[in-house]
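Worksheet: the structure to be examined is printed underneath.
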Amino acid sequence: AAPPELQEKTLVLVKPDAVQRRLVGNVIQRFERRGFKLVAMKLLQADQGLLDKHYQQLRQKPFYPALLAYMTSGPLVAMVRGRDGGVGDTDSAAAAAGTIRGDFSMHVSRNVVHASDSVETARREIGFWFQRDELVAWESGDRDYTYGP
Numbered sequence: 001a002a003p004p005e006l007q008e009k010t011l012v013l014v015k016p017d018a019v020q021r022r023l024v025g026n027v028i029q030r031f032e033r034r035g036f037k038l039v040a041m042k043l044l045q046a047d048q049g050l051l052d053k054h055y056q057q058l059r060q061k062p063f064y065p066a067l068l069a070y071m072t073s074g075p076l077v078a079m080v081r082g083r084d085g086g087v088g089d090t091d092s093a094a095a096a097a098g099t100i101r102g103d104f105s106m107h108v109s110r111n112v113v114h115a116s117d118s119v120e121t122a123r124r125e126i127g128f129w130f131q132r133d134e135l136v137a138w139e140s141g142d143r144d145y146t147y148g149p
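Letter 20 of the sequence shown, counting from 1, is numbered 20 in full-length UniProt numbering, and no numbers are missing.
Take a look at the structure:
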């Protein structure tokens, strides 16, 4: 079993277009309003080596060079939070209103955020972007109020 800090977590990348459009605060606010707890976050400029590991299953796709250029076009915000919900369909045209992609994405290739699609993928992806000691275990002050003692 994975260590507790990697269980039921997901990696979220706020992509360069969202950083440029100053949507980082909106993305974080959406997660916090839904009760998701952030356990790690950093602003960085991703390099090709990191993205090659992260997107290893896409490296042979014809669109990969454009994806790489996009993801290295500016800073992004990497964060780890509780799993599932709020991101929306990868295709912005199919993303439901009220989701991050449904409300902020303008094109399938510039869809504001990446979120791990499974627990297994999250474990792998979190390891690319964060060291274990960068994940902070903490309890929310309103946990008992929200969920009971």
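In this text, a Cβ means the ideal position worked out from N, Cα and C, and glycines have one as well.
In the structure shown, the three-state DSSP call for Lys-61 is coil. Per DSSP, Val-136 is not a residue of any beta strand (DSSP E), being assigned neither H nor E. Taking the CA atoms as reference points, Val-136 sits about 6 Å from Ala-40.
In the three-state reduction of the DSSP assignment, Arg-81 falls in the strand class, which pools E and B. Within the model, the alpha-carbon separation for Glu-139 versus Gln-48 is close to 35 Å. Taking all protein chains in view, the Cβ of Pro-16 is crowded by 16 or more other Cβ atoms within 10 Å, so the residue is classified as buried. Secondary-structure assignment with DSSP links Thr-10 through a beta bridge to Arg-81. Residue range 38–44 is occupied by the beta strand (DSSP E) that includes Lys-42, with no alpha helix (DSSP H) assigned at that position.
Residues of the same chain with a CB within less than 7 Å of the CB of Val-19, apart from the 5 flanking positions on each side, are Gly-74, Pro-75, Leu-76 and Val-77 in chain order.
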